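Residues in the sequence shown are numbered from 866 upward in steps of one, following the working numbering.
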Amino acid sequence: MAKSKRKKHEFLTAFSIIFILIFGLGLLSHLLPKAEFVGDVIVNGSGVVGASLSDILLSPILGFENAIDVCIFVLVLGGFLKIVANTEALETGIKVLVKKLKGKELVLIPILMFLFSIGGTTYGMLEETVGFYALLSATMVMAGMDTLVASAIVLLGAGSGVLGSTINPFAVGVAVSALPEGLVANQALIIGIGSLLWLTTYLISTLFVLSYARKVIKRKGSTFLSLRERRNMAVEYGKKDNKEIANAKLSKNQKITLCLFALTFVVMIVGFIPWEEFGISIFTSWTAWLTGAPIGSWYFYDAALWFLLMAIIIGILNKDGEKKFVDLFIDGADDMVGVILIIAIARGASVLMQSTYLDNYIIYNAADLLRNVPIQIFTPLNYILHIILSVLVPSSSGLATLSTPIIAPLANELGYNVESTIMTMVAANGLVNLITPTCGAIMGGLALAKVEYPTWVRWAFKVVVTIAIVNIVILTVATLVLS
């Protein structure tokens, strides 16, 4: 029985779903009405052009060409993160923080959740958090809490940031890059809506986790864990002492590495923010000496170059040596191959939809169906739609590449705000990735924390529903105000 379930989960990956979708789109192109042309111009919404077998098979390859800028950035980011991880600066920094707050460990919950959320909102930090589950599990158990608290700190912390992505290249960045030609998103509005979603979700999550943690500290019987999970927790984390944390100390190089790590993302954030749209002109052409584009006009190639340079600087600081640096960087880039394949293959679906005019057909016919739908209903339905899609394709990059070319033009056609439409997709996807079993970060992290998946679902259900309701209200108001 277990073996058959494992096979089922292996089949229902984002890769399989997208490949099935591509072949399904190819088949659909032969079932729908044929397109009508006036000369070389298609009559909008009239029909589609049937895809040949070569069109279907070649579309994932063409997806790489279409998404090359995103893929290069993801590769470089993976290498950078591996170089930093090798220094153990982040891990040691948390241990030092725990030591300084001994006896006041509850304070750690909002602090750590906020730090994780910053990583989530800026660069989609979620899968990278798996290693922190074990560290925080030991810490929280020693502080009189349980491993469910540790899991919630990491997952809800980083997840709240990913849900409210501001400049996360794996969600917002991919979505903006996937917009059809001629349709432009206002980055300032995206950052504003994303910040509101991020901070409200962070607040809800933090209050929920703090409430539960206080109950567990006050009375051990208040733990949500089953007897089996408690036994496993005691065996794995209950008998550990505080020596490792007590002896934790950041070296000079680790302190500098942490500063450089923070600086890297601060500069990237500053580089992506469209300052001129805020009337700020301090970042003029004089800042273009590094990448050729001034601060505020950066995109994936500029960010890739910046991360590569900072990886080299951090490697030199820690005396990695040429061979070690290259090995680590390649190893980190290798970790991102799965993400890149999803981006490229999903972009292939978009390429196929464009070549067969399926996107044109879907957008115009959907617009006709939804033209009389009140704006108050459009946003909640859009949110629910992307919740369903996210269960099938949990990758934010894959979903953004598949959805944005259809939904964003649809919203624009109906006169609705494109930026809030993009953030509806991002928020719905982020919500699902707090609880779906198809998210590797959830399953791997919970396994390390000795928390069973059904336990997590039952415990997190209320907070997830609360977040969803607040998200829908924010997005609906944003759509009403901005449209």
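Where is the CB? At the ideal position from N, CA and C, for every residue including glycine. On a predicted model such as this, the values are computed, not experimentally measured, just so you know.
Since I believe residue j is in contact with residue i (beta carbons under 8 Å), could you give me their beta-carbon distance rounded to a whole number of angstroms?
{"i": "Leu1299", "j": "Ala1325", "result": "7 Å"}
{"i": "Asn1118", "j": "Leu1068", "result": "Asn1118 to Leu1068, Cβ: 36 Å. No contact."}
{"i": "Leu1054", "j": "Leu1347", "result": "7 Å"}
{"i": "Ser1262", "j": "Val1039", "result": "5 Å"}
{"i": "Ile974", "j": "Val913", "result": "Actually they are not in contact, since the Cβ atoms of Ile974 and Val913 sit about 52 Å apart, beyond 8 Å."}
{"i": "Ala1214", "j": "Ile887", "result": "5 Å"}
{"i": "Gly989", "j": "Ser1030", "result": "7 Å"}
{"i": "Leu1048", "j": "Asn1277", "result": "6 Å"}
{"i": "Thr1266", "j": "Ile1208", "result": "6 Å"}
So what does DSSP say about residue i, is it helix, strand or coil?
{"i": "Val913", "result": "strand"}
{"i": "Lys899", "result": "strand"}
{"i": "Val906", "result": "strand"}
{"i": "Ser1060", "result": "helix"}
{"i": "Lys1083", "result": "helix"}
{"i": "Ala1111", "result": "helix"}
{"i": "Gly1280", "result": "coil"}
{"i": "Phe1089", "result": "coil"}
{"i": "Leu966", "result": "coil"}
{"i": "Phe1148", "result": "coil"}
{"i": "Asn1118", "result": "helix"}
{"i": "Asn1183", "result": "coil"}
{"i": "Glu1317", "result": "coil"}
{"i": "Pro1045", "result": "coil"}
{"i": "Arg871", "result": "The predicted position of Arg871 is uncertain, since its pLDDT is 40 and thus under 50; no value can be drawn from it."}
{"i": "Ile883", "result": "helix"}
{"i": "Pro1034", "result": "helix"}
{"i": "Met866", "result": "Only weak support is given to the placement of Met866: the predicted model assigns it a pLDDT of 43, under 50, and the question is left unresolved by the model."}
{"i": "Thr1344", "result": "helix"}
{"i": "Pro1159", "result": "coil"}
{"i": "Asn931", "result": "helix"}
{"i": "Leu1299", "result": "coil"}
{"i": "Tyr1164", "result": "coil"}
{"i": "Glu956", "result": "helix"}
{"i": "Leu877", "result": "Caution applies to Leu877, whose pLDDT of 47 falls short of 50 and renders its modelled position unreliable; the model cannot decide the point."}
{"i": "Asn1051", "result": "coil"}
{"i": "Gly943", "result": "helix"}
{"i": "Gly1136", "result": "helix"}
{"i": "Gly1029", "result": "coil"}
Cα-Cα, which of the options is closest to residue i?
{"i": "Met1180", "options": "Glu1317, Glu953 and Val1322", "result": "Per the sequence shown, residue 1180 should be read as Gly rather than Met. Comparing Cα positions, the closest option is Glu953."}
{"i": "Val1297", "options": "Val1256, Tyr1281 and Gln1052", "result": "Val1256"}
{"i": "Leu1021", "options": "Thr1122, Ser982, Thr1221 and Met1098", "result": "Ser982"}
{"i": "Val1216", "options": "Ile921, Leu897, Pro898 and Ile885", "result": "Ile921"}
{"i": "Thr1344", "options": "Leu1267, Pro1239, Thr1269 and Ile1178", "result": "Pro1239"}
{"i": "Leu1313", "options": "Gly889, Leu890 and Leu1001", "result": "Leu1001"}
{"i": "Leu1044", "options": "Val1338, Ile1287, Gly1295 and Thr1122", "result": "Ile1287"}
{"i": "Thr1244", "options": "Val1328, Thr1152, Thr986 and Ile1337", "result": "Ile1337"}
{"i": "Tyr1102", "options": "Asn1051, Ile1056, Met1005 and Val1014", "result": "Met1005"}
{"i": "Phe1353", "options": "Glu1187, Met1290, Leu1170 and Val1335", "result": "Nothing can be reported for residue 1353: it is not among the residues displayed for the chain, which extend from 866 to 1348."}
{"i": "Asn1112", "options": "Thr957, Ala1099 and Gly1144", "result": "Thr957"}
{"i": "Ile1334", "options": "Ile1249, Pro1319 and Ile1271", "result": "Ile1249"}
{"i": "Lys965", "options": "Tyr1222, Leu1246 and Lys1114", "result": "Lys1114"}
{"i": "Lys947", "options": "Leu1193, Ala1015 and Phe1130", "result": "Leu1193"}
{"i": "Gln1241", "options": "Ser1220, Leu918 and Tyr1281", "result": "Tyr1281"}
{"i": "Leu1062", "options": "Ala900, Ala1078 and Ser1025", "result": "Ser1025"}
{"i": "Met1175", "options": "Leu1123, Tyr1164 and Val906", "result": "Leu1123"}
{"i": "Phe1165", "options": "Gly904, Ala932 and Ile907", "result": "Ala932"}
{"i": "Ser911", "options": "Phe945, Ser919 and Lys899", "result": "Lys899"}
{"i": "Ile907", "options": "Lys1184, Tyr1226 and Leu1128", "result": "Tyr1226"}
How about residue i and residue j: do their beta carbons lie closer than 8 Å?
{"i": "Thr1012", "j": "Val1316", "result": "yes"}
{"i": "Gly1203", "j": "Tyr998", "result": "no"}
{"i": "Ile882", "j": "Val1258", "result": "yes"}
{"i": "Ser1150", "j": "Pro1159", "result": "yes"}
{"i": "Thr987", "j": "Ile1134", "result": "yes"}
{"i": "Ser1060", "j": "Met978", "result": "no"}
{"i": "Lys1210", "j": "Gly943", "result": "The question names Lys, but residue 1210 in the sequence shown is Ile. No."}
{"i": "Thr1066", "j": "Leu1028", "result": "yes"}
{"i": "Leu1173", "j": "Val941", "result": "yes"}
{"i": "Ile1339", "j": "Ala1293", "result": "no"}
{"i": "Ala1017", "j": "Gly984", "result": "no"}
{"i": "Met1098", "j": "Leu1092", "result": "no"}
{"i": "Ile1141", "j": "Gly1157", "result": "Sequence inspection shows Glu at residue 1141; the Ile mentioned does not correspond to that position. No; because the gap between Cβ atoms is not below 8 Å, this pair is not in contact."}
{"i": "Val939", "j": "Met1201", "result": "yes"}
{"i": "Leu1170", "j": "Leu890", "result": "no"}
{"i": "Ile1056", "j": "Ile1032", "result": "yes"}
{"i": "Ser1042", "j": "Val935", "result": "yes"}
{"i": "Leu1279", "j": "Arg1236", "result": "yes"}
{"i": "Leu1125", "j": "Ile1178", "result": "yes"}
{"i": "Ala950", "j": "Thr1221", "result": "no"}
{"i": "Gln1052", "j": "Phe1148", "result": "no"}
Counting only runs of 3+ residues fully inside the segment 1191-1274, write out the beta strand (DSSP E) ranges in chain order. Those beta strand (DSSP E) runs which fall completely within the segment 1191-1274 and span 3+ residues do not exist here.
Where are the alpha helix (DSSP H) runs, 4 residues long or more, that stay fully inside the segment 968-1020, in chain order? 973-988 and 995-1007
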